[in-house]
Amino acid sequence: MPRRGVHTESGPSTTADVIMLNDRNVATVSGDVASIQTSQFNATEGPRDVETNASNAQKSEKDKDIPFSRYLRKVVKTSSRVIRALSIAAFVILLTVVAFMLYFTIMANFSSEDGDRTAPHEWDISRVLWQARWANNTQRTTAFDPIRLVIIQHTVTPDCFTFVACVAALRNLQSYFLINLHYDIPYNFMIGNDGRVYEGRGWGMVGAHTFMYNRCTLGLGFVGNYDRHTQVSKLQIERMKLLLEKGVREGFLDPNYHIVAASDIQNTDSPGSNLYNALKKLDHFEHTDRFRNVDCEVTYGMVS
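According to the UniProt record's numbering, the stretch in the sequence shown is residues 1 to 304, in order.
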């Protein structure tokens with residue numbers, strides 16, 4: 001039960017309510033004496049609760065001062081087995097993902113470099129070397145040898161920048177023609193984006209690249225789509241020149257041969273604007289359209 005206060009001799013009389021809380025006396029003073037803010041007390045907390053809160057506060061202050069690694073170990077030790085197992089599993093998955101990313105990045109670079117190192121020749125790749133399928137090519141250009149007209153086309157197929165990639169691209173291209181059109185790859189030679197020359201039907205063989213001109217011309221196909229994204233490299237042009245010089249040297253090509261774009265003799269977008277602009281800079285390029293829509297006999301007479 002609350003007990004009333006008494007007068008003191010040292011000053012004005014005050015009254016105080018003495019309240020018994022948890023076997024201790026807590027005074028609520030009124031009057032002139034400064035009041036004690038009871039909001040600081042929690043009537044539901046006992047001495048043990050107060051001590052626990054104080055202990056937790058001290059522990060939090062200590063946790064701020066310890067290194068992160070020690071703090072992490074401490075958290076792991078105090079965590080439940082399930083939480084620890086999940087944390088370990090997540091960490092292992094993260095490491096696995098990072099390892100796979102590194103592996104495929106390294107292998108991609110290695111494959112790209114290795115794809116060029118495995119090329120059997122610096123630039124001249126025969127049918128045997130790119131593993132072309134057999135085809136019954138028997139028609140020859142004998143009546144018009146040495147050839148005096150070189151026609152440039154583009155294949156409008158994906159680019160290939162390594163030997164391995166170009167071999168795959170050409171084999172796919174050949175398979176398309178053999179299966180769907182029932183004849184061999186149409187060009188006499190093809191120029192890959194890797195700068196190598198790949199033998200198609202070869203020297204002295206009738207091609208299937210340009211209607212009315214196949215019996216008396218040499219057809220070159222640049223791999224890619226040069227009307228859109230594909231750019232012509234200096235290496236491709238230099239390797240094409242090497243091929244044509246070889247043809248002249250071996251008697252397959254007339255020394256005064258002419259180079260024309262397919263679009264200059266027929267209604268086609270081939271070989272694309274990017275390649276066309278590069279061809280115009282060549283010494284043997286024909287800047288007129290005098291060979292447009294004429295047959296081999298007329299063409300042969302015009303360049304004799």
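All residues carry an ideal CB built from backbone N, CA and C; glycine is no exception.
1) DSSP three-state call for Gln153: helix, strand or coil?
2) Taking only the alpha-carbon atoms, compute the straight-line gap between Arg140 and Tyr187 and give it to the nearest angstrom.
3) Run through DSSP, which three-state label would Phe291 get?
4) With DSSP run on the structure shown, which of helix, strand or coil describes residue 306?
5) Just mark residue 314 as buried or exposed, buried being the case when its beta carbon has 16 or more other beta carbons within 10 Å.
6) Given a threshold of 16 other Cβ atoms within 10 Å of its Cβ, counted over all protein chains shown, does Gly301 qualify as buried or as exposed?
7) With three or more C-beta pairs closer than 8 angstroms as the rule, is the segment 83-94 touching the segment 159-166?
8) Flag this pair as yes or no: are the beta carbons of Ala262 and Thr299 separated by less than 7 angstroms?
9) Taking 7 angstroms as the cut-off, decide whether the C-beta atoms of Leu218 and Ile147 are in contact.
10) Taking only the alpha-carbon atoms, compute the straight-line gap between Glu297 and Arg201 and give it to the nearest angstrom.
11) Among the candidates Pro120, Gly195, Phe222, whose CA atom is the shortest distance from the CA of Thr157?
12) Who are the Cβ neighbours of Ser273 in its own chain at under 6 angstroms, not counting the five residues just before and after it?
13) For Val232, does the count of other Cβ atoms within 10 angstroms reach 16, so buried, or fall short, so exposed?
14) Is Asn137 helix, strand or coil when you go by DSSP?
15) Roughly how many angstroms separate the alpha carbons of Val197 and Ala135, rounded to a whole number?
16) Between the C-alpha atoms of Val97 and Ala85, what's the straight-line distance to the nearest angstrom?
17) Relative to the C-alpha of Ile259, which candidate in Thr288, Asp184, Tyr183 has its C-alpha closest?
18) Between which two residues does the beta strand (DSSP E) harbouring Ile259 extend?
19) I need the DSSP call for Leu220, collapsed to helix, strand or coil.
20) Using only the alpha-carbon positions, how far apart do Val303 and Asn225 sit?
21) Suppose the cutoff is 6 angstroms on Cβ atoms and the five residues either side in sequence are ignored; what does the same chain contact list for Asp264 look like?
On the basis of the coordinates in this document:
1) If DSSP states are grouped into helix, strand and coil, Gln153 belongs with the strands.
2) Inter-residue distance for Arg140 and Tyr187 is about 14 angstroms (C-alpha atoms, whole angstroms).
3) Secondary structure at Phe291: coil, using DSSP grouped into helix, strand and coil.
4) This structure cannot settle anything about residue 306, because the visible part of the chain is limited to 1 through 304.
5) Outside the shown range of the chain, which is 1 to 304, sits residue 314, and nothing can be said about it.
6) So Gly301 ends up on the exposed side.
7) No: the two stretches stay apart, fewer than three of their Cβ pairs being nearer than 8 angstroms.
8) Taking 7 angstroms as the Cβ cut-off, Ala262 and Thr299 do not qualify as a contacting pair.
9) Between Leu218 and Ile147, the gap from beta carbon to beta carbon is short of 7 angstroms.
10) Answer to the nearest angstrom: the Cα atoms are 22 angstroms apart.
11) When each option's Cα is compared against that of Thr157, the closest is Phe222.
12) Only residues of its own chain outside the window of five on either side were considered, and among them Asp227 have a CB closer than 6 angstroms to the CB of Ser273, listed in chain order.
13) Using a 10 angstroms sphere on the CB of Val232, the tally of other CB atoms reaches 16 or more, which defines it as buried.
14) Residue state, collapsed to three classes: coil.
15) Rounded to whole angstroms, Val197 to Ala135 spans 19 angstroms at the Cα level.
16) One C-alpha to the other measures close to 18 angstroms.
17) Out of Thr288, Asp184, Tyr183, Thr288 has the C-alpha closest to the C-alpha of Ile259.
18) First-last of the beta strand (DSSP E) with Ile259: 253-261.
19) Correct three-state label for Leu220: strand.
20) Going from the Cα of Val303 to the Cα of Asn225 covers about 30 angstroms.
21) Contacts found: Asp289.
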